[in-house]
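Novice: First the structure, then my questions, so here it is.
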Amino acid sequence: MTDIFIVLTVSIAVSYGWGMRGTLLGGLRGAVLPGALLGMFLAVFSGNKIIAENFFIFAAAGASAMAFGGSETYGQTLGFIVHRNGDDYDPKKGYIAVFLKGALWQGIAGVILGIAFSAVGGKYYNGFDIIAVTALIPFVSFIGEQIFNKPYNKEEKRFPRIYFSLDRREEWGGNLLVLLMFLVFTFVRKDFYAFFFGIVGIIGGGAGFSLGMLLFDLISNPRKNGRFFAGKYNDYFSGWKAMEFTFGAVAGLAFAIYFIATKDTMLAERICNVREGEPVISSPLTPYSQLLSFVSLALVPVIKIFTIFEDKLGDYTVDHIERPVLYVFPMMLALSGCELSAKLNAFALIVFFASEKVVFERNKKAVSSRKIILGIIFGICTFASVLLCIFAEIPFIAYILMYTVFYLAADNVPLKKPKKSGISVLTYFVIQTLFLIITVILI
């Protein structure tokens, strides 16, 4: 495939993932989808057969890495830009905020994916490096939140000095320190490929979120002459979805351009030693990879128990219990080359997230019979996905079908008559889905 086609494919894949993230799932759980798509397509386009065959390792690394930005609340932040007649209208503050949050989001994803590609050759890192740096994430994130996102007391209206919301808790400070930690880590280890992967993510994420917000503003608000962006067809456009699609497309474009520009030089030097019959990544965890994979899988339902007590514990506490288990630990395993864990987190966990959303949130007020039927259907899907990961070799096309067709189907349960803007969004999703499926068939 030509370089231009590769760049286009990656950009469309991340654009789709980002749009779907804001449609079916939000927060950290939704962000795993664009991260997985980014990681798996880069692996397939790497030019190395073994890397391409083990795409699920990079999908899992990308999924976990992209999830961290999901902790950054931005609903009220966007209001600074689009609420032109509101008391909160402050576009300068708004654009600074979305650039910062987009930069942190994609910067972390970029540097960690860069580390994943550098780790395969064993030249820049040993297994203990990966274990140590990933184990530090929760502690570094906590320190960053204490420095940048405190004090916070909504009732007493006590907020941090640097604050980009009206009254919501912000956590971008944790991501700032995590990103800085990884950039320093890669720079010290002279892994400039991963270091600049992170820098590209900072630029692409900041620019993508900002451009997306510019489009959101143009669609949502009339010009001085009273006319809207698309004139009489403006109702067919969703400003929010246009922002998400643009954010993903620009970030994916930046990553893809850097990937292609370094593919025959820096990347080739890292993956040239990957041979058939050898582990993709060698780590002290490798002998225990099967056991650790099952431990990671078993922890998912255990963590789910905490959500039952979310009203008492608070969503902030539950989120901080979930993150090490659902994202940090799987990232450690993926970057250590644990194949089963990578498959479970790049496939089964993403099926579970979608199923959980449909059954327990979107339809929690539905009649009992409907909830039972949906529970059975999506329960079977989740259980089957786990069995497939454990006992079968799932082809690349199956991952794509799950990320697209399955997610589109889940998003449209229950079936409702969409608004005009919903029709155009669904149409765009379908076009992206067809493009990605055809691309995979042609690879």
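Just add 1266 to wherever you are in the sequence shown, counting from 1, and you've got the working numbering. Think of the CB as a built atom: it goes at the ideal place given N, C-alpha and C, for glycine as much as any other residue. Owing to the predicted nature of the structure, the values given are computational and were not obtained by experimental measurement.
Could I get the ranges of all uninterrupted beta strand (DSSP E) runs contained in the segment 1627–1666, with 3 residues as the minimum, in chain order?
Specialist: Within the segment 1627–1666, no complete beta strand (DSSP E) run reaches 3 residues.
Novice: Considering just the uninterrupted stretch of the alpha helix (DSSP H) at Phe1463, what are its terminal residues?
Specialist: Your numbering for residue 1463 matches position 197 in the sequence shown. Per DSSP, Phe1463 belongs to the alpha helix (DSSP H) from Phe1458 to Ser1486.
Novice: Are the Cβ atoms of Ile1703 and Ile1666 separated by less than 8 Å?
Specialist: Here residue 1703 refers to the residue found at position 437 of the sequence shown. Here residue 1666 refers to the residue found at position 400 of the sequence shown. Yes; because the gap between Cβ atoms is below 8 Å, this pair is in contact.
Novice: Where are the alpha helix (DSSP H) runs, 4 residues long or more, that stay fully inside the segment 1352–1403, in chain order?
Specialist: 1357–1385 and 1393–1401
Novice: DSSP state of Asn1611, grouped into three classes?
Specialist: One-based indexing of the sequence shown puts residue 1611 at position 345. Correct three-state label for Asn1611: helix.
Novice: Just tell me which of Leu1708, Gly1688, Asn1678 and His1586 has its CA closest to the CA of Ile1409.
Specialist: Here the question's residue 1409 lines up with position 143 in the sequence shown. Ile1409 has its Cα closest to that of His1586, out of Leu1708, Gly1688, Asn1678 and His1586.
Novice: Going by the CB atoms, is the gap between Ala1331 and Leu1402 shorter than 8 Å?
Specialist: Position 136 of the sequence shown holds residue 1402. Position 65 of the sequence shown holds residue 1331. Contact: no.
Novice: Going by DSSP, which residues form a beta bridge with Arg1424?
Specialist: The residue you call residue 1424 lines up with position 158 of the sequence shown. Paired residues: Asn1419.
Novice: Are there three or more Cβ pairs, one per stretch, closer than 8 Å when the segment 1458–1476 is compared with the segment 1511–1522?
Specialist: yes
Novice: Would you check if the segment 1480–1500 and the segment 1418–1435 touch, i.e. whether three or more CB-CB distances between them fall below 8 Å?
Specialist: For the pair of segments examined, the segment 1418–1435 was found not to touch the segment 1480–1500: the number of CB pairs separated by less than 8 Å stays below three.
Novice: In this structure, does DSSP put Arg1493 in helix, strand or coil?
Specialist: Position 227 of the sequence shown, counted from the start, is the residue given in the question as residue 1493. If DSSP states are grouped into helix, strand and coil, Arg1493 belongs with coil.
Novice: For Gly1368, which of Gly1393, Phe1346 and Tyr1340 has the nearest alpha-carbon?
Specialist: Reading the sequence shown from its first residue, position 102 is the one you call residue 1368. Comparing Cα positions, the closest option is Tyr1340.
Novice: How about the segment 1537–1554 and the segment 1310–1321: do they share at least three Cβ pairs that are nearer than 8 Å?
Specialist: yes
Novice: Indicate, with yes or no, if the ligand COA has a heavy atom lying under 7 Å from the CB of Phe1482.
Specialist: Absent from the structure shown: the ligand COA. Ligands present: none.
Novice: Whose CA, out of Val1566, Tyr1361 and Leu1557, lies closest to the CA of Glu1605?
Specialist: Locating residue 1605 in the sequence shown gives position 339, where the first residue counts as 1. Taking only the C-alpha atoms, the option nearest Glu1605 is Leu1557.
Novice: Per DSSP, what kind of secondary structure is Val1706 in: helix, strand or coil?
Specialist: Here residue 1706 refers to the residue found at position 440 when the sequence shown is read from its first residue. Reduced to three states, the DSSP call for Val1706 is helix.
Novice: Roughly how many angstroms lie between the CA atoms of Gly1293 and Gly1387, to the nearest whole one?
Specialist: Translated into the one-based positions of the sequence shown, residue 1293 becomes position 27. Translated into the one-based positions of the sequence shown, residue 1387 becomes position 121. Rounded to the nearest angstrom, the two C-alpha atoms are 33 Å apart.
Novice: What is the DSSP secondary structure of Tyr1340, counted as helix, strand or coil?
Specialist: Walking along the sequence shown from the start, residue 1340 turns up at place 74. Coil, per DSSP.
Novice: Can you tell which of Ile1347, Asn1611 and Tyr1673 has its C-alpha closest to the C-alpha of Val1591?
Specialist: Working through the sequence shown from its first residue, we reach residue 1591 at position 325. The shortest C-alpha separation from Val1591 is found at Asn1611.
Novice: Apart from the five residues just before and just after Leu1445, which ones in its own chain have a Cβ nearer than 6 Å to its Cβ?
Specialist: Against the sequence shown, residue 1445 aligns to sequence position 179. Around Leu1445: Leu1370, Gly1373 and Ile1374.
Novice: Taking Asn1441 as part of the alpha helix (DSSP H), name the residues at either end of that continuous run.
Specialist: By 1-based counting over the sequence shown, the position of residue 1441 is 175. Where Asn1441 is concerned, the enclosing alpha helix (DSSP H) stretches over Trp1438 to Val1454.
Novice: Would you identify the three-state DSSP class for Asn1500, choosing helix, strand or coil?
Specialist: Counted from its first residue, the sequence shown places residue 1500 at position 234. Helix at Asn1500.
Novice: Specify the secondary structure class of Pro1567 as computed by DSSP and reduced to three states.
Specialist: Translated into positions along the sequence shown, residue 1567 becomes position 301. In this structure, DSSP gives Pro1567 a helical state, which the three-state scheme calls helix.
Novice: By a C-beta neighbour count over all protein chains shown, 10 Å radius and 16 as the cutoff for buried, is Gln1412 buried or exposed?
Specialist: In the sequence shown, residue 1412 corresponds to position 146, counting from 1. Answer is exposed; the Cβ neighbour count stays below 16.
Novice: Which whole-angstrom value is the C-beta distance of Phe1324 and Gly1305, which I expect to be below 8 Å?
Specialist: On the sequence shown, residue 1324 is found 58 positions in, with the first residue counted as 1. On the sequence shown, residue 1305 is found 39 positions in, with the first residue counted as 1. Right, the Cβ-Cβ distance comes to about 4 Å (below 8 Å), so this counts as a contact.
Novice: Let's see if you can read the secondary structure: which residues bound the alpha helix (DSSP H) around Leu1519?
Specialist: Translated into positions along the sequence shown, residue 1519 becomes position 253. It spans Gly1505 to Thr1528 - the alpha helix (DSSP H) in which Leu1519 sits, taken as one unbroken run.
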